[in-house]
Ligand code: ADP
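Written out as C-alpha cells, the structure is:
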C-alpha cells in the first residue's frame, strides 16, 4: 500500500476510535474533535522534528517513523546520499586534476582576459615564476614584467609566443604562450626552453664554425685549380675536362659556404636591420637588369614598379632576398617563359612579387620550401647551380623586417613568390 493510503487508513481508524469513545460517554462530536486536535498536534510535532532535522543538515533520527513522515525522511536521505556520492566523485576528479596539473612540467596560469588577474596556477608556475598563493587575484603582468612577455600578453591573440629570462633565475629561458578560452579567461603556458635554446645555439655555432673553417681550404683549392686550368702546359691539355668539373664543384662549395655564413649571420645577429631608408624601386630595377643578364634573352620580362615606395631596413639583406627569388625564376623557368616582377602597395602592405610560367611546385612541397636544403627536384637544383639555401635566406631576411613570404604555385602553370611588408608609418 502507498504511504498515502496507509496514512488515510490510519486517520480514518483514529477518527472512528475517537467517535466511538465519544459515543460511549454520549458525546460523539466531542470525541471526534479531541481526536482531530490530537492528530493535528502529532503532525505539527513531527513537522517540527522534520524541520529541525533538515536544518541540522546531517544525522539520523533516533526512531524513524513509518507512514508518510517516514517516507519523507527516506526520500530526503536518499537524495542526500546521492548528493554525497556526487560530491565524493567530484572531489576525486578535482584531486586527480590537481595531481595532473602539478605533474605537468610546464607552468600554467589562468588569468582574466581583460585585467590579467590570476585565477589559478599550477606547481610548475610556482617554481618557474616564483608565484605564491597570495598572488592569486594579482595581475600577472605586474609580476612578470619582461617587455617581450608584456607585448605577447597584451596582444592576447592565439598562437605566437615570447621567449624571455625566467624571473626567478635569469639563466633559464621561458617561452610563454597565451591561449584565450571561455568568455573572459586565458591560459598562459610557460615552457622552460633553456635546453632547446642551448642546443639551437650549439647547432648554429657548429654550422658557422664549420663554414668558416671550410672557407680558406676551398679558396686555396679554387686558386690552384684556376692556375692549373689557365696554364698552357701538358697538365691543362691532358686534364682540361676533369679540371673544369673540379672548378665547378669547388665553386658550388664556395656558394654553399657563403650562403651558410650569411644564414648564420642572419640568425645570430641580434640587431634589427638598420633603420636606413631603402630605395626599393631603384634596387628592383637593378636586380631585374641582373636577372635579364642571367636569362640571356631566354625569358620575356615584364616589370611594374610603384615609384617612391621606399622601405626602412637593410638594403644588403633585401637585395639578397629579392635576388634569390629572381634568380630562382630564371633558373627554373624554361626558355620562352615569362617572368613578371612587381613592387606595389595596397594601403595595408607593400609586396615584391616574382611570378613565372615555370614548372610550378606540387602543393605538398610548399610548406617545406623554406627549409634548408629542401629541394623539389634535387638534380635540377644542382644542375642550375642552386645551393638549396636561397628560400631559407629569403625567409630569415623577411622575418627580420617583420615581413612574410607568400607562395602560390600550380604544377604546369607557374609560381608566384611575394615578399609582403606591413606598411610602415612615417
Ligand atoms: P635552390 O638553390 O635549390 O633553388 P631554394 O631554397 O632557392 O634552393 O629553393 C628551394 C626549392 O624550391 C628549389 O630546389 C626548387 O625545387 C623550388 N623552387 C624555388 N623557386 C622555384 C620556382 N620559381 N619555380 C619552381 N620551383 C622553384
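In the working numbering, the protein residues as written are 24 to 449. Here a beta-carbon is modelled for each residue, glycine too, at the ideal position from N, C-alpha and C. In this text the structure is predicted, and so the values were computed from the model without any measurement.
query: Going by the DSSP bridge assignment, what does residue 52 pair with across the sheet?; result: DSSP output for residue 52 lists no bridge partner at all.
query: Are the Cβ atoms of residue 397 and residue 391 separated by less than 8 Å?; result: yes
query: Who does residue 130 pair with in a DSSP beta bridge?; result: 213
query: Could you spell out the range, first to last residue, of the alpha helix (DSSP H) harbouring residue 277?; result: 263 to 291
query: Would you mind working out which of 238, 363, 156 sits nearest residue 142, comparing C-alpha positions?; result: 156
query: Between the alpha carbons of residue 383 and residue 364, how many angstroms are there, rounded?; result: 17 Å
query: In the DSSP output, which residue or residues are listed as bridge partners for residue 437?; result: 433
query: Have a look at 146, 163, 129 and flag the residue whose alpha-carbon is nearest the alpha-carbon of residue 140.; result: 163
query: Could you tell me the alpha carbon to alpha carbon distance between residue 3 and residue 256, rounded to whole angstroms?; result: Here the chain covers residues 24 to 449 and nothing more, so residue 3 does not appear.
query: Over what stretch of residues does the alpha helix (DSSP H) that includes residue 355 continue unbroken?; result: 338 to 355
query: Using only the heavy atoms of the ligand ADP, determine whether one of them is closer than 7 Å to the beta carbon of residue 398.; result: yes
query: Residue range of the beta strand (DSSP E) that residue 378 falls in?; result: 372 to 379
query: Helix or strand or just coil, what does DSSP make of residue 161?; result: coil
query: Tell me residue 361's beta-bridge partners as DSSP assigns them.; result: 323
query: Name the two residues that bound the continuous alpha helix (DSSP H) containing residue 172.; result: 170 to 178
query: Report the three-state DSSP secondary structure of residue 392 (helix, strand or coil).; result: coil
query: Please tell me whether, using a cut-off of 7 Å, the distance from the CB of residue 156 to the nearest non-hydrogen atom of the ligand ADP is below it.; result: no
query: Identify whether residue 312 lies in helix, strand or coil by the three-state DSSP scheme.; result: helix
query: Could you give the distance in angstroms between the alpha-carbon of residue 64 and the alpha-carbon of residue 46?; result: 23 Å
query: Looking at the unbroken alpha helix (DSSP H) that takes in residue 201, where does it start and where does it end?; result: From DSSP, residue 201 is part of no alpha helix (DSSP H) but of the beta strand (DSSP E) over 196 to 204.
query: Output the distance between the C-alpha atoms of residue 223 and residue 268, rounded to the nearest integer angstrom.; result: 36 Å
query: Quick one: grab the DSSP three-state call for residue 330.; result: coil
query: Taking the CB atoms as reference points, tell me whether residue 377 and residue 348 lie closer together than 8 Å.; result: yes
query: Name the DSSP bridge partner or partners of residue 368?; result: 373
query: Please classify residue 202: is it buried, with 16 or more other beta-carbons within 10 angstroms of its beta-carbon, or exposed?; result: exposed
query: Nearest to residue 220 by alpha carbon, out of 286, 234, 186, 446?; result: 186
query: Does the stretch 341 to 356 come close enough to the stretch 411 to 429 to have 3 or more Cβ pairs within less than 8 Å?; result: yes
query: Start and end of the beta strand (DSSP E) containing residue 189?; result: Careful: residue 189 lies outside any beta strand (DSSP E) and carries neither H nor E.
query: Counting beta carbon pairs with one atom in the stretch 116 to 136 and one in the stretch 205 to 218, are three or more of them shorter than 8 Å?; result: yes
query: Tell me whether residue 382 counts as near the ligand ADP, meaning its Cβ is closer than 7 Å to at least one heavy atom of that ligand.; result: yes
query: Which same chain residues, not among the five before or five after residue 394, have their C-beta less than 8 Å away from its C-beta?; result: 415
query: Quick one: measure Cβ to Cβ for residue 241 and residue 410, integer angstroms, because I've assumed they're closer than 8 Å.; result: Between residue 410 and residue 241 the Cβ distance is about 13 Å, and since that is not below 8 Å, they are no contact.
query: Going by DSSP, name the residue or residues bridged to residue 428.; result: 442
query: For the alpha helix (DSSP H) that residue 416 lies in, which residues bound it at each end?; result: 413 to 423
query: Leaving out the 5 sequence neighbours to the left and right, which residues in its chain are closer than 6 Å to residue 169 when beta-carbon positions are compared?; result: 187
query: Give the secondary structure of residue 141 by DSSP, where H, G and I count as helix, E and B as strand, and everything else as coil.; result: strand
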